[in-house]
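Read in order, the letters of the sequence shown correspond to residues 3 to 237 in this note's numbering.
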Amino acid sequence: MFTGIVQGIARIATLNDKTGLRTYQLEFPNGFCKDLEIGASVAVDGVCLTVTALHGDNAAEFDVMQQSLAITTLGDYVQDGRVNVERAAKDGAEIGGHPLSGHIDFKAHIAQIRELENNYVIRIAVPPEWMRYIFAKGYIAINGASLTIAEVNRQESWFEVWLIPETLRMTVFAEKTTGASLNIEIERTTQVVVDTVRNMLTETLGPLMPALESLLAQQGEDLGQIVQTQVPPPK
3 MFTGIVQGIA RIATLNDKTG LRTYQLEFPN GFCKDLEIGA SVAVDGVCLT
53 VTALHGDNAA EFDVMQQSLA ITTLGDYVQD GRVNVERAAK DGAEIGGHPL
103 SGHIDFKAHI AQIRELENNY VIRIAVPPEW MRYIFAKGYI AINGASLTIA
153 EVNRQESWFE VWLIPETLRM TVFAEKTTGA SLNIEIERTT QVVVDTVRNM
203 LTETLGPLMP ALESLLAQQG EDLGQIVQTQ VPPPK
C-alpha cells in the first residue's frame with residue numbers, strides 16, 4: 003500500500019526491452035534506497051513495481067510486464083525521463099494522502115494548464131465511462147500523487163486539480179505539458195459505493211434504467227450526480 007505522498011523524483015537511467023518485458027533502472031534521490039531490498043515495492047508514477055536488482059546506494063531495477071506497459075504511461079517513457087516515486091508504506095505510517103494500491107485504472111491526458119499566482123491548475127480529460135467515480139472535493143491519485151479534485155465537468159468529461167508550489171517542487175507535474183498522458187487511480191471507497199448504488203438501481207428499475215439515464219442526459223445531468231449524495235466525504 004502507498005499513501006499518495008510523493009517522496010521524490012527519480013531519473014530513468016537505462017531501459018532494456020525484452021520479449022514481453024521492459025527493465026528500467028532508476029536513479030533515486032540520496033537516502034531513498036536506505037534499507038531497500040530486492041522484492042520491495044516502489045510506486046513509479048503511481049504504478050506499483052517490484053525491485054529486481056539493486057545498484058549501489060541510489061539505483062534499482064524494475065521489470066514491467068507488457069500489460070502494465072499497455073495500460074499505463076510507462077510504455078511511453080525514455081531514458082533520462084523523470085518520474086514520481088514513493089516507497090511502500092510501513093505499518094503505523096501516517097497516511098498524509100489516501101490509501102493507494104498502485105494499480106492504475108486508466109490513462110488520462112492534460113487538456114489545459116493555467117498558471118496563477120502561487121497556484122497551478124491542471125485540467126484533465128477523462129474517458130467518459132470513468133467520470134462516474136470522480137466528484138468535486140473527492141480524492142484521486144495522479145501519477146502516484148494523492149490530490150483533491152477541485153472541479154468536475156461531466157458533460158465535457160474533465161476535472162481539475164490545483165497544485166501548490168510544494169507539490170510542484172516534489173513532483174514532475176511542472177514538467178508536464180498540454181496533451182501529456184497521466185496515470186489515474188480512482189479512490190476505491192468511492193468506486194465501491196458508486197457501483198453498489200448503480201447495481202441496486204439497475205436491479206430495482208430493471209428495463210426503466212436506460213430511460214432514466216436518457217432523461218437525466220437531456221437535463222444535462224447523469225446518474226453520477228445522484229450517486230454523489232451517497233458517497234462519504236473525504237476524511
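Every residue gets a Cβ at the ideal spot worked out from N, C-alpha and C, and that includes glycine.
Predicted model only: the values in this text are computed from it and were never measured.
Element boundaries [beta strand (DSSP E), containing residue 114]: Position 112 of the sequence shown, counted from the first residue, corresponds to residue 114. From DSSP, the beta strand (DSSP E) with residue 114 extends over 108-118.
In the structure shown, what three-state DSSP assignment does residue 154 receive? Translated into the one-based positions of the sequence shown, residue 154 becomes position 152. Here residue 154 sits in strand by DSSP.
Is there contact here, the stretch 184-201 with the stretch 144-151, by at least three beta-carbon pairs under 8 Å? yes
Pull up the CB-CB distance for residue 66 and residue 76, whole angstroms please, since I reckon it's below 8 Å. Position 64 of the sequence shown holds residue 66. Position 74 of the sequence shown holds residue 76. Residue 66 to residue 76, Cβ: 5 Å. Contact.
State the DSSP-derived secondary structure class of residue 65, mapped to helix, strand or coil. Your numbering for residue 65 matches position 63 in the sequence shown. Residue 65 falls in the strand class under three-state DSSP.
My assumption, with CB atoms under 8 Å, is that residue 82 sits in contact with residue 11. Please give the rounded CB distance. By one-based count along the sequence shown, residue 82 stands at place 80. By one-based count along the sequence shown, residue 11 stands at place 9. Contact doesn't hold; Cβ gap of about 12 Å is too wide.
Since residue 106 and residue 74 should fall inside the 8 Å C-beta cutoff, what is the C-beta to C-beta distance between them, to a whole number of angstroms? Indexing the sequence shown from 1 puts residue 106 at position 104. Indexing the sequence shown from 1 puts residue 74 at position 72. That belief holds up - the Cβ atoms of residue 106 and residue 74 are roughly 5 Å apart, short of 8 Å.
Suppose the cutoff is 7 Å on Cβ atoms and the five residues either side in sequence are ignored; what does the same chain contact list for residue 49 look like? Position 47 of the sequence shown, counted from the first residue, corresponds to residue 49. Closer than 7 Å at Cβ, skipping near neighbours: 70, 74, 76, 104, 106, 185.
Identify the continuous alpha helix (DSSP H) that holds residue 261 and give its terminal residues. Nothing can be reported for residue 261, as the shown portion of the chain is limited to 3 through 237.
Within the chosen definition, does the stretch 110-125 reach the stretch 19-39 through at least 3 CB pairs nearer than 8 Å? no
Closest Cα partner of residue 199 within the set 167, 46, 134: In the sequence shown, counting from the first residue as 1, residue 199 sits at position 197. Minimum Cα distance to residue 199 is reached at 134.
In terms of residue numbering, what span does the beta strand (DSSP E) encompassing residue 57 cover? The count along the sequence shown starts at 1 and reaches residue 57 at position 55. Per DSSP, residue 57 belongs to the beta strand (DSSP E) from 49-57.
Nearest neighbour of residue 192, chosen from 177, 30, 137, 42 [CA to CA]: Residue mapping note: residue 192 aligns to position 190 of the sequence shown, counting from 1. Nearest of 177, 30, 137, 42 to residue 192, Cα basis: 137.
I'd like to check one pair, residue 108 with residue 129: are the Cβ atoms closer than 7 Å? Locating residue 129 in the sequence shown gives position 127, counting from the first residue. Locating residue 108 in the sequence shown gives position 106, counting from the first residue. Yes; because the gap between Cβ atoms is below 7 Å, this pair is in contact.
Simplified DSSP state of residue 19, which is helix, strand or coil: Counting from 1 along the sequence shown, the entry for residue 19 is found at position 17. Residue 19: strand per DSSP, three-state reduction.
One question on the structure: do residue 173 and residue 46 come within less than 7 Å of each other, judged by their Cβ atoms? One-based indexing of the sequence shown puts residue 173 at position 171. One-based indexing of the sequence shown puts residue 46 at position 44. No, Cβ-Cβ distance for residue 173 and residue 46 is not below 7 Å.
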